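Residue numbers (this note's numbering): -19 to 346.
Just so it is clear, CB atoms sit at the ideal spot from N, CA and C, and this is done for glycine as well.
Just so we're clear, the structure is a prediction, and the values are computed from it rather than from any experiment.
Below is one structure, written out as structure tokens, with a few remarks after it.
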């Protein structure tokens, strides 16, 4: 109910001055990875957040933004908030020098998380409020809690995520809080072969923009002229000239599908692997073998899609075998994790050791 109430309140504050629409990417590869269930990760980025009047924003108003991503996780719908408060804006802003504007770019607000199918929804909202000590302390508290826990922590704690969403929703009663841009957008699971979307309401890699501009004063030709170049919103003139879009406040969001998560070193298995390598370097082969078993088991995590699990296992198994052979080369073979000097048997010139990791992982149900 927390997210539903927040969505209702944001939509109730919308005015004719908000436009939301997908925009095409005018540069870069055109063969974007489609959303295939259990084969890709979902990532949401704020490609660009543009605030057209920095002086007014920072001297007279307190900025506050929220991105809430709703998706399927372990078979359940979860909603994970990301808070963009004054301290976040201060850390990341780039003062452009043009009309005192502020630009924030390439801010990951959700993911990477395995895509399990079903709908994906986004609530995006940017507010400003007349600065007050009480309001600022409250917003800072919510932002600090969100930052300290992080996306992964909020993903694992539905109660904390719900409490943060409730906290944001509670500010909506304030008459001093003005919605600058806000929208709730949902995409259904793609129905085409290989995860290809058949229409604009189905999930596909895309840029989506929310602009604070009077809808009644915007023509279809103007909307059609918008595109994304270098991760930034631009307008394409009739003669093909491309210029950055700078007239109004907006949030440009990128919905991505990727086959590899580049932050895998933050997962539990990598710390086990690091300890395995250290034991091998220290010559403690028995401890290394025990930790390798744990590493192989930890790789079977729902934080990784199956193809990346298999790719990482094959690579670490190769490294493990090579390191064991290196550690044993002067003295013979390794049996049961113990160092032996008896010139024991070798197979095909490779060091022999028990509990082959591939067999181990098959027992774990790879």
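Query: Beta-bridge pairing of residue 214 - partner residues as DSSP gives them; Result: 207 and 224
Query: Residue 160 classed as buried or exposed, judged by whether at least 16 other C-beta atoms fall within 10 angstroms; Result: buried
Query: Proximity below 8 Å, CB of residue 98 to CB of residue 52; Result: yes
Query: Neighbourhood of residue 76 by C-beta, 6 Å cutoff - its chain only, sequence neighbours within 5 removed; Result: Only weak support exists for where residue 76 lies, its pLDDT of 49 falling under 50; the value from the coordinates is given anyway. Excluding positions up to five away in sequence, the list reads 83.
Query: Contact set for residue 259: own chain, Cβ-Cβ below 7 Å, skip 5 residues either direction; Result: 267, 268 and 271
Query: Close-in-space but distant-in-sequence residues of the same chain around residue 25 (CB under 8 Å, 5 per side omitted); Result: 86, 87, 88, 89, 233, 234 and 236
Query: Helix, strand or coil at residue 292 [DSSP, three-state]; Result: helix
Query: Helix, strand or coil at residue 50 according to DSSP, with G and I counted as helix; Result: strand
Query: Residue(s) in a DSSP beta bridge with residue 261; Result: Beta-bridge pairing links residue 261 to no other residue.
Query: Contacting residues, own chain, Cβ-Cβ under 8 Å from residue 288 (five flanking each side not counted); Result: 239, 240, 241 and 244
Query: Residue 219 and residue 96 closer than 8 Å at C-beta; Result: no
Query: DSSP-derived helix/strand/coil call for residue 231; Result: strand
Query: Collapsed DSSP secondary structure at residue 21 in the structure displayed; Result: strand
Query: Spatial distance of residue 7 from residue 208 (CA atoms); Result: 7 Å
Query: Residue 3 vs residue 189 beta-carbon contact at 8 Å; Result: yes
Query: Span separating the alpha-carbon of residue 50 from that of residue 22; Result: 11 Å
Query: Through-space distance from residue 279 to residue 257, alpha-carbon basis; Result: 16 Å
Query: Beta carbon proximity, residue 176 to chain B, threshold 8 Å; Result: Here chain B cannot be found, since the structure has a single protein chain.
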